[in-house]
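First the structure, in the form of structure tokens, and then the observations on it.
Protein chains: 2
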Amino acid sequence: METVKIIETIAGVKEIIKRLKKNGSTIGFVPTMGYFHEGHLELMKRSIKECDETFVSIFVNPMQFGPREDLAAYPRDLRRDVELACGAGVKYIFHPGVKEMYPDGFQTVVKAGPLAYGFCGASRPGHFDGVCTVVAKLFNIITPDFAYFGMKDYQQLVIIEKMASDLNMGVNIVKCPTVREKDGLAMSSRNLYLSPAGRAAATALARGIQKAADRLIEFIYDTRNARGDIISGIIAEYKDDIIKSGFDSLDYFKIADAETLVEFSGPDSLRRADRIFIAAAAFIGKTRLIDNIIVKNPLLN
Amino acid sequence: METVKIIETIAGVKEIIKRLKKNGSTIGFVPTMGYFHEGHLELMKRSIKECDETFVSIFVNPMQFGPREDLAAYPRDLRRDVELACGAGVKYIFHPGVKEMYPDGFQTVVKAGPLAYGFCGASRPGHFDGVCTVVAKLFNIITPDFAYFGMKDYQQLVIIEKMASDLNMGVNIVKCPTVREKDGLAMSSRNLYLSPAGRAAATALARGIQKAADRLIEFIYDTRNARGDIISGIIAEYKDDIIKSGFDSLDYFKIADAETLVEFSGPDSLRRADRIFIAAAAFIGKTRLIDNIIVKNPLLN
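Protein sequences, first through last, are from chains A and B.
Here the first sequence stands for residues 12 to 312, where the numbers follow this note's numbering.
Here the second sequence stands for residues 12 to 312, where the numbers follow this note's numbering.
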């Protein structure tokens, strides 16, 4: 078995990167908060396949958690993560402490723009600024050619892609499909929080999104249908469905343009969109789960 | 005479940088808004002396100007700048257009922290966010080993130094002394705005700061003197002096710790500071001039 190198300091990573770049190696990067599931491992495998060297970071970033969120409870198991990453073929894990990443006096923030205003950004103020700041730091430390992100956190992905492009970071953002359990539930470290009953209920999140997608496609095809309330109808039905299935509350369910994340004002803007983003966040007890799907507009694709 | 290469696109710069880095060259960088004076040329000469290759950027950054500030009036003369830079030995000038730096949909902001709250930051809301954002972009485009900044914009300098360190940019920030006219006026592209009478009055800015510095040093030495109002006394006197000399109004005159930019609460904190930052901003008509001095604490240095 190959051994994996766990690096805890920024200087340590920079030294290795310098050496690898001298050899002309391309660097792939998978930033994570650890507690790996198949979704993480897919990102790692893809990076290993596409790049000469792959770095995985494991850092539960305090800056992206709100004061009432689950920072302390967020699952951590470095030993298990190292084994899983090693099994996937990873050779370098960056695992810094909080003080290494945010020393005393730290104060500069990378602030996301309008892409962060809705969806999870509306429910979690400051969350995406925390994400952008830590990802900017990690990009600057690791200077990857490619960075791999899962579509499950789609809003995060488009915000990071925008940041990398706005700030000329020279990192290619690679979008990787959401990995799902057999019953359709999107893999997430937070699924661990669920009771058996909650776990059974959770499948309604993805099922409802798929149903909404099917209804939207049908509506788009039926171009004689100009009903303005199609979206509000789908949203009301979705909410009903997931509450009946055992969710305690819906945070949001929204249908928007997949590029701009702007919600549709009516059937016309919906039919003109190239790709449609259907996303939901909902609570089972204190556990907040999210999921989404991107639908290509059948009239345009 | 050596020729200077003027590059207008980000892709163009990145291509050259890639080639230079392959040769193992160290890159020096001097970001400017153009309309060069001796201060700019000193930065360039120092970079040329210390680095294998030097890039100068000329970009009047709209994002760091407030809606009522002098963006449109800011002096520009590319031809003269190119001649002066060339004369100083510069080979690469990056001169992008506004759309190249801020394409439609641009939205990510690098936000400075508490270092930006006082002094010019208080008078110019958002100014330092604009500075940080453009400098972050320029650093990512040029990936310099060393970047040269003048001490005349001292608050800007410490904010950028903090940004580079907070975000792990790997750029060494080099502080270069303020270059002054023979009568002491700090060189600035904005001195151009002054009428002959204004130009004569302007010397009071630097003269008063030096006088304040002398009085502070005297006070620090005289350790039996515990008068709490020393700083407010100096400030009142400074304001009087510059208004009498022909300034129309004082924006600020402050005395603070040179590292944290926190103002002193009294004689004790003053005597404990390693270096003292004395800074002023004042108006002659619409022209806002700034100046500062850093005083080493004679008890500690």
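By construction, the Cβ of each residue, glycine as well, lies at the ideal position given by its N, Cα and C atoms.
Asked	Found
According to DSSP, B/GLY161 sits in a beta bridge with which residue or residues?	B/CYS187
For the beta strand (DSSP E) containing B/ARG286, list its first residue and its last residue.	286-295
Around the C-beta of A/VAL109, are 16 or more other C-beta atoms found within 10 angstroms, so that it is buried, or is it exposed?	exposed
Mind pulling the chain A residues with CB within less than 7 Å of B/LYS148?	LEU178, ASN179
Counting Cβ pairs, one atom from each stretch, are 3 or more of them under 8 Å apart for the segment 288-299 of chain A and the segment 257-264 of chain A?	yes
Helix or strand or just coil, what does DSSP make of B/PHE130?	helix
Let me check understanding here. Comparing Cα to Cα, which of B/GLU111, B/GLN167, B/MET198 lies closest to B/ALA217?	B/MET198
Within the 8 Å Cβ cut-off, does B/ALA133 reach chain A?	no
Taking only beta-carbon positions, decide if B/LEU95 is within less than 8 Å of chain A.	no
Looking only at its chain, what residues have a beta carbon closer than 8 Å to the beta carbon of B/ASP88, apart from the 5 residues adjacent to it on each side?	GLY45, TYR46
Can you pull the chain B residues whose beta carbon is under 7 Å from the beta carbon of A/LYS173, in chain order?	GLN118, THR119
Mind reading off the beta-carbon distance from A/ILE152 to A/ILE21? Whole number of angstroms is fine, and I expect it under 8 Å.	5 Å
What's the C-alpha gap between B/GLU248 and B/PHE150?	41 Å
Going by C-alpha distance, which of B/ALA213, B/ASN183, B/SER206, B/GLY39 is nearest B/LEU193?	Residue identity check: residue 193 of chain B is Lys in the sequence provided, not Leu. Comparing Cα-Cα distances from B/LYS193 to each of B/ALA213, B/ASN183, B/SER206, B/GLY39, the minimum goes to B/ALA213.
Using the C-alpha atoms, what's the distance from B/ASP225 back to B/LEU281?	14 Å
May I ask you to report which of helix, strand or coil DSSP gives A/THR309?	Note on identity: in this sequence residue 309 of chain A is Pro, with Thr being the wrong assignment. Three-state result, A/PRO309: coil.
Would you say A/ASN151 faces chain B, with C-beta separation under 8 Å as the test?	yes
Determine the direct distance from the alpha carbon of A/PRO309 to that of B/ILE17, and round the result to whole angstroms.	47 Å
Please confirm whether B/CYS187 and B/PHE157 have their CB atoms less than 8 Å apart.	no
Which stretch, first to last residue, makes up the alpha helix (DSSP H) that contains A/THR144?	138-153
Going by beta carbon distance, what residues of the same chain come within less than 8 Å of A/LYS173, once the five residues before and after it are set aside?	ALA123, GLY124, LEU126
Determine the contact status of A/VAL24 and A/THR43, defining contact as a CB-CB distance below 8 Å.	no
With 16 as the cutoff for other CB atoms within 10 Å, does B/ASN72 come out buried or exposed?	buried
Got a sec, what are the start and stop residues for the alpha helix (DSSP H) A/TYR232 sits in?	207-232
Can you give me the C-alpha to C-alpha distance between B/PRO107 and A/LEU168, rounded to a whole angstrom?	28 Å
Quick one: grab the DSSP three-state call for B/VAL82.	The amino acid occupying residue 82 of chain B in the given sequence is Leu; Val does not appear at that position. Coil.
So if I threshold CB-CB distances at 7 Å, which residues from the segment 234-257 of chain A count as touching chain B?	none
Please list, in chain order, all residues of the same chain as B/GLN166 whose beta carbon is under 6 Å from its beta carbon, the five residues on each side excluded.	PHE130, CYS131
Kindly give me the distance between the Cβ atoms of A/PHE70 and A/VAL145, rounded to whole angstroms, as I take these residues to be in contact under 8 Å.	7 Å
CB A/LEU52 to CB A/LEU95, shorter than 8 Å?	yes
In chain B, which residues lie with their C-beta within 8 Å of the C-beta of A/PRO125?	GLN118
Is it the case that the Cβ atoms of A/ASP164 and A/ILE220 are separated by a distance below 8 Å?	no
Please determine, among A/ASN236, A/THR14, A/THR37, A/ALA208, the residue with the shortest C-alpha to C-alpha distance to A/THR154.	A/THR37
Evaluate contact between the segment 71-86 of chain B and the segment 228-239 of chain B, counting only Cβ atoms and requiring at least three cross-stretch pairs below 8 Å.	no
Considering only their Cβ atoms, is the gap separating A/THR298 from A/LEU205 smaller than 8 Å?	yes
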